[in-house]
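J.: Next up is a structure, given as structure tokens.
Numbering (my numbering), first residue to last: 16 to 165.
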């Protein structure tokens, strides 16, 4: 049964914890902020056009998110020694924490109001940027902050 499975898992976790030396139970890090890394492959001849979008629209939305405390910061990195199939740019955003689903809905509403657009319009505009770029991999990373040395 489901209850038995949960009891077995609990027993295994407890046994593993008891079998570790006391020093091994303490970690040398604490969980930190989250980093969203979006790979962007800019189409040939479109870097200036795409950077115009970044400098205007993207910056406006990111600055608004930062002012509201939703993100800690953001940066744009160019992949200088790009290999085949790697993105041209990385859009990196640091978040103090992940939003709840309800917060995501509220933030989208506030951001759309600030940007004077609807979600449908934002989606259409993203589709129009396909002439300038292709969206690549999207990573969600969490920083691990090292504890002070003992």
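No residue lacks a Cβ here, since even glycine has one placed at the ideal position from N, Cα and C.
Looking only at DSSP bridge pairs, what is residue 49 linked to?
T.: 110, 157
J.: Keeping to the same chain, check which residues put their C-beta closer than 7 angstroms to that of residue 113; ignore five residues upstream and five downstream.
T.: Correct list, in chain order: 49.
J.: Is it buried or exposed for residue 80, if we count other Cβ within 10 angstroms and need 16 for buried?
T.: buried
J.: With H, G and I counted as helix, E and B as strand and the rest as coil, what does DSSP make of residue 162?
T.: coil
J.: On the premise that residue 57 lies in contact with residue 148, defined as a C-beta separation below 8 angstroms, what is that separation, rounded to the nearest angstrom?
T.: 5 angstroms
J.: I need the straight-line Cα distance from residue 71 to residue 63, nearest angstrom please.
T.: 12 angstroms
J.: Straight-line CA distance for residue 37 to residue 99?
T.: Any reading at residue 37 must be qualified, since the residue scores a pLDDT of 49, below 50, and its modelled position is unreliable; the value itself is stated next. Their backbone Cα atoms lie some 48 angstroms apart in a straight line.
J.: What are the residues that DSSP puts in a beta bridge with residue 93?
T.: 104
J.: Residue 104 and residue 93 look like a contact to me (Cβ under 8 angstroms); what is the Cβ gap, rounded to whole Å?
T.: Contact annotation, residue 104 with residue 93: C-beta distance approximately 6 angstroms; criterion of less than 8 angstroms satisfied.
J.: When you compare the CB positions of residue 76 and residue 126, do they come within less than 9 angstroms of one another, or not?
T.: yes
J.: CB-CB under 7 angstroms to residue 44, same chain, minus the five flanking residues each way: which ones, in chain order?
T.: For residue 44, where only same-chain residues beyond five positions count, the Cβ hits under 7 angstroms are 159, 160, 161, 162.
J.: What is the DSSP secondary structure of residue 69, reduced to helix, strand or coil?
T.: helix
J.: Output the distance between the C-alpha atoms of residue 101 and residue 150, rounded to the nearest integer angstrom.
T.: 11 angstroms
J.: Buried or exposed: where does residue 156 fall if 16 or more other Cβ atoms within 10 Å of its Cβ makes it buried?
T.: Burial call: exposed.
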